[in-house]
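Below is one structure, written out as structure tokens; comments come after it.
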Amino acid sequence: MAVFEPTWLVKAIYNLTPAQLKRQGISAVLTDLDNTLIAWNNPDGTKQLHDWLQEMKQAGITVMVVSNNNRARIGRALAKLDLPFVARAMKPLPLGINRAVRQLGLEKRAVVMVGDQLMTDMAAGNAAKVRTVLVQPLVETDAWNTRINRFFEGFVLHRMKKNNQLNFTEELNDKH
Numbered sequence: 001m002a003v004f005e006p007t008w009l010v011k012a013i014y015n016l017t018p019a020q021l022k023r024q025g026i027s028a029v030l031t032d033l034d035n036t037l038i039a040w041n042n043p044d045g046t047k048q049l050h051d052w053l054q055e056m057k058q059a060g061i062t063v064m065v066v067s068n069n070n071r072a073r074i075g076r077a078l079a080k081l082d083l084p085f086v087a088r089a090m091k092p093l094p095l096g097i098n099r100a101v102r103q104l105g106l107e108k109r110a111v112v113m114v115g116d117q118l119m120t121d122m123a124a125g126n127a128a129k130v131r132t133v134l135v136q137p138l139v140e141t142d143a144w145n146t147r148i149n150r151f152f153e154g155f156v157l158h159r160m161k162k163n164n165q166l167n168f169t170e171e172l173n174d175k176h
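For the sequence shown, position 91 matches number 91 in the working numbering, and the numbering has no gaps at all.
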């Protein structure tokens, strides 16, 4: 179970503020794409997303997408957002996260991986030895290929709920 356990549980990526991140020594946010940064079925994002990205940029915090999607899909989704990305990250393996950390030239303690899935995002972040933030999916529906992961993730989530380990907060706390 430890491989899936996030460092923090926060309701949405947009709840992360520069002050919270800097307090934790974080200068880069690696984020999953679908249902974490943008709704999988809304590639243009929302005003809230654009405002959050602007806030991160002004604070000098890099936001980089680390996704299992292919380059063309991510490129289309991020065309209006102008964000760096790692495609075909192969999560739950740590390869994509390690590649992103190298590209940014940062130490792992300065990076956090944010995602909406235990089986891919949290497992990859933990395997890469970076801190992780599990967020609630932006929308309740998923692309067909994600539904398979959600099925298996349900068993882990059930166990976490049973052990009272699934309490989402509004912001990062000082737990770690």
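Built from N, CA and C at the ideal position, the CB exists for glycine as well. Nothing here was measured: the structure is a model prediction, and the numbers come from that model.
Just so you know, the alpha carbons of A100 and D32 end up roughly 12 Å apart.
In this structure, F4 and M122 form a Cβ contact; the two beta carbons are roughly 5 Å apart against a cut-off of 8 Å.
P84 is not a Cβ neighbour of T120, given a cutoff of 8 Å.
DSSP places R131 in the uninterrupted beta strand (DSSP E) bounded by 131 to 135.
The C-beta separation of T132 from T7 comes to about 5 Å, placing the pair in contact by the 8 Å criterion. Per the coordinates, the alpha-carbon of K11 lies some 14 Å from the alpha-carbon of Q48. Annotation for M119: no alpha helix (DSSP H) segment contains it, and DSSP assigns it neither H nor E. Minimum Cα-Cα distance from N126 among the listed residues V112, L138, P137 corresponds to V112. In this structure, DSSP gives D51 a helical state, which the three-state scheme calls helix. Setting aside the 5 residues that flank it on each side, L95 is surrounded in the same chain by A89, each with a C-beta closer than 7 Å to its C-beta; the list follows chain order.
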